[in-house]
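**Student:** Pasting a structure here, questions to come.
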Amino acid sequence: MSRPANQRIAGQQARALLAKRLPGSRRGSVRSHLVRTEHIAATIWRRWQVGPYQWRLKHVRWYLVEQTGHYSCGTRYRHWLTVRLLIMSLNHVGWVERLNGSWVRPTGVRGALKAGRPVLTPSPPGK
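Here the numbering used here is used: the first residue of the sequence shown is 29, the next is one more, and so on.
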């Protein structure tokens, strides 16, 4: 994908990338993710002039550290959830573990990132 010419096109690229990935109706949380996605892409474009397909880890980390630093803990966490969806959509799964900060929890307490549900281990035969 080529570099976007301006921040509006960068936002549209990010929105299209994430819209394919999110199931469900476009109301509620899905719509919020799409709005935040456009904001994130436009902010990164203003600083680095790169679109979502050219992002590096430093761009995403810069956004989370510098641009969400003045937000409340809950808002930072919601931005983190959107960034995580974008990372997964871009197939950069390895970045998730490397972006450990106070934004990974809604309380703002820094800690190790845990995956969602625990893995179901098969029970031994005979039980």
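Glycine is no exception: its CB is placed at the ideal position from the N, C-alpha and C atoms. No experiment lies behind these values; they were computed from the predicted model shown.
#1: Mind checking residue 104: buried by the 16 CB within 10 Å criterion, or exposed?
#2: What separation, rounded to the nearest whole angstrom, lies between the Cα atoms of residue 70 and residue 117?
#3: Helix, strand or coil for residue 33 per DSSP?
#4: In chain order, what are the residue ranges of uninterrupted alpha helix (DSSP H) at least 4 long that sit wholly in the segment 51-78?
#5: With H, G and I counted as helix, E and B as strand and the rest as coil, what does DSSP make of residue 107?
#6: Compare the C-alpha of residue 111 against each of 66, 52 and 51 and name the closest.
#7: With H, G and I counted as helix, E and B as strand and the rest as coil, what does DSSP make of residue 126?
#8: Please classify residue 85 as buried or exposed, where buried requires at least 16 neighbouring CB atoms within 10 angstroms.
#9: Whole angstroms are fine: how far does the CA of residue 75 sit from the CA of residue 81?
#10: So, at 6 angstroms on beta carbons, what are the nonlocal neighbours of residue 62 in its own chain, with the 5 sequence-adjacent residues on each side left out?
#11: Tell me whether residue 107 is buried or exposed, calling it buried when 16 or more other Cβ atoms sit within 10 Å of its Cβ.
**Tutor:** On the basis of the supplied data:
#1: Its Cβ being crowded by 16 or more others within 10 Å, residue 104 is buried.
#2: So the alpha carbons of these two residues sit roughly 17 angstroms apart.
#3: DSSP places residue 33 in coil when its eight states are reduced to three.
#4: Runs of the alpha helix (DSSP H) inside the segment 51-78: 57-76.
#5: The answer is helix: DSSP assigns residue 107 an H, G or I state.
#6: Comparing C-alpha distances from residue 111 to each of 66, 52 and 51 shows the shortest one belongs to 66.
#7: The answer is helix: DSSP assigns residue 126 an H, G or I state.
#8: An exposed status is given to residue 85, since fewer than 16 other beta-carbon atoms sit within 10 Å of its beta-carbon.
#9: A direct Cα-to-Cα measurement between residue 81 and residue 75 gives close to 15 angstroms.
#10: Taken in chain order, the residues that qualify are 43.
#11: The residue is buried, with at least 16 neighbouring Cβ atoms inside 10 Å.
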